[in-house]
Structures are given as structure tokens and as C-alpha cells.
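S.K.:
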Amino acid sequence: MAIRGVSMATSQLQKRIEYSHSIGLSTMAGRGFYYPVDTAIDGDGKLYTVSRSLDGDVRGLRVTVYDLDSEYFGTFGEHGTGDGQFIWPTAIVRDADGNTYVADEYTNRIVIFDSEWKPRSTWGDAGTAPGELDGPSGLAFDVQGDLLVVDHQNHRVQRFTKDGVYVSGFGTKGAGDGEFELPWGITVDDNGDILVADWGNDRIQRFSSDGAFLAKYGKPGRCDGELHRPAAVTVDGEGYLYIADWGNERVQIF
């Protein structure tokens, strides 16, 4: 697939992503965020932002719920290793039934809350075997409703049912097509293709819904169209990719 645009190359694209407003404030408790790391949105327009807090201070660990008009609805989640608790959250996603899933890279678990934000279940075991995790980061649901988990330290993507039953996986450590070096973010487009931010290889990789390599985008560097430690990727309805170019402190559009 050819690159369709880089940075804000057209006036139409510039208009579409024009700055609107900011939401939130830095706070340890209540409304606002403290070192936010990821956000999910539901069908009602509510946003769910998980805050990682600061190393050594656990007061800011929580999920904050709000909307684009800055209306505040509450928080849930806390520090710990039990149900409804996490230590180093990395990603958050919502399913069609209103459940919330949070990846915790410290405990190598997925922490699940129900539609009323109450602890529902927790699953995941540390290790390198299929179905085991080492530093789960990005989360996304595929077109079948299974949960895709970026297994950061194991350099792969794994697929589970919502209840944590291992289904399949793809990827291995390396720099070749379909290989990863510390992957992080993930998304699924309208066609079911899977896009992964290959952090250590400074690129985005595209896979079919069953994990077959299709294409790659970007290369190491600081210029337009080049990436340095991309951390997240999403795609709009027109197929444009929005990449958090973390090491270059910018968002690029392909």
C-alpha cells in the first residue's frame, strides 16, 4: 500500500485536524489525570483514560471517565495486584458489551471491569510460552471479537478470547518482515487488518486478520515520513494512519 500523505500535506487534512480544545488537569485524585498513558472511547462518547501515576507514588493510578465537553463521570481502578487493580498500566480498550480491559505490564495481566466499572476478572501469566505474557502493552479487538495483546518483551502479538483463552499469535524478535523489536501500540482497521507500532524497528507493520504480513511503513530518522520509536497507531475511515512518533515528539499522518 502506498503512503497517502505525510504530516499535514494538504489543506484539507490540516482543516480536519485543527486544534479544538484541551480536557483535564493534572491531579492525583478525582477529575483529571496523572501521567495518562492511553484512552478508549465508547459508543456514547465517553472517554476512558488510564493514568500510570509517577513511580513511587500510587495515588494517581486510576481510570478517569469524562466526555469531550469535560463533563466528569467518575473513576475506577486502583493500585494493587488483585481484581480491579493494576501497577503499571499501559493500555485500555472497551468491548461492545461495555466491559473495560486494562493491560498491566508489571503483573503481566489483563484486568477487566464490567459495564458498571466494577472488577469483573483478571487473567494472564508471566512467561514466554504461547499464551504467556511479558510486558503486555497495546490492546485491540479484532473483527471476530477476540482480544489482541501486544506482548512487548516477547516481541509478538497474541490473540485471546475475552475470557483469556489463548487462540493464536504471530511475530518473533527481529528486523525482517513480520518480525518485531519491542512492539507497543496496535489497532484494527475497518477491513480487519492489524497495524502494529514496531517501536524498536522505527516502523508500522500491517498484517491480515490472521496475522500474515502485508506491508510496512516508515523508516528510522527525523525527517517527514521517518520515525523514531513509534508508540501508537490508529486509522480513520478513509484509511489514513495517525502515528504517535514518540521519539520525534510529533504525530505523523500516512
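Residues in the sequence shown are numbered consecutively from 1108, following the working numbering.
Glycine included, C-beta positions come from ideal geometry on N, C-alpha and C.
(1) Return helix, strand or coil for Trp1195, following the three-state DSSP convention.
(2) I think Phe1287 touches Gly1278, with their Cβ atoms under 8 Å apart; what is that distance to the nearest whole Å?
(3) Would you list the residues sitting across from Ser1230 in a DSSP beta bridge?
(4) Over what stretch of residues does the beta strand (DSSP E) that includes Gln1260 continue unbroken?
(5) Could you work out which residue in Glu1345, Gly1346, Asp1331 is closest to Val1358 when comparing CA atoms only?
(6) Among Ala1136, Ser1228, Gly1234, whose alpha-carbon lies nearest the alpha-carbon of Leu1168?
(7) I'd like to check one pair, Ala1247 with Glu1239: are the Cβ atoms closer than 8 Å?
(8) From the DSSP output, read off the bridge partner residues of His1186.
(9) Grab me the residues of Lys1280's own chain with a C-beta within less than 6 Å of its C-beta, minus the 5 sequence neighbours each way, in chain order.
(10) Taking the alpha carbon of Pro1237 as the point to measure from, which residue in Gln1265, Thr1214, Asp1309, Gln1192 has its own alpha carbon closest?
(11) Which residues does DSSP list as the beta-bridge partners of Ser1133?
(12) Please report how far the alpha carbon of Asp1305 lies from the alpha carbon of Val1257, in whole angstroms.
(13) Report the three-state DSSP secondary structure of Gly1181 (helix, strand or coil).
(14) What is the C-beta distance between Ile1350 and Ile1311, in whole angstroms, given that I count them as a contact (C-beta under 8 Å)?
(15) Please identify the residue among Asp1221, Thr1294, Trp1224 whose C-alpha is closest to the C-alpha of Arg1313.
(16) Examine chain D for any beta-carbon lying closer than 8 Å to the beta-carbon of Lys1225, and answer yes or no.
(17) Taking the alpha-carbon positions, what's the Pro1290 to Gly1307 distance?
(18) CB-CB under 6 Å to Pro1143, same chain, minus the five flanking residues each way: which ones, in chain order?
(19) For Gly1292, name the three-state secondary structure that DSSP assigns.
(20) Since Val1170 and Thr1182 should fall inside the 8 Å C-beta cutoff, what is the C-beta to C-beta distance between them, to a whole number of angstroms?
(21) Return the chain-ordered ranges of every beta strand (DSSP E) run that is complete within the region 1281-1360 and spans a minimum of 3 residues.
(22) Quick one: what does DSSP say Gly1276 is sitting in, helix, strand or coil?
(23) Name the residue from Ser1133, Val1200, Gly1318 whose alpha carbon lies nearest to the alpha carbon of Asp1284.
M.R.: Judging by the given coordinates:
(1) coil
(2) 5 Å
(3) A quick correction: the sequence has Trp, not Ser, at residue 1230. Paired residues: Ile1217.
(4) That residue, Gln1260, is in no beta strand (DSSP E); it is neither H nor E in DSSP.
(5) Asp1331
(6) Ala1136
(7) no
(8) Phe1193
(9) His1262
(10) Gln1265
(11) Phe1140
(12) 10 Å
(13) strand
(14) 6 Å
(15) Thr1294
(16) In the displayed structure, chain D is absent; only one protein chain is listed.
(17) 7 Å
(18) Thr1156, Ser1158
(19) coil
(20) 6 Å
(21) 1293-1295, 1301-1305, 1310-1314, 1320-1324, 1337-1342, 1348-1352, 1357-1360
(22) strand
(23) Gly1318
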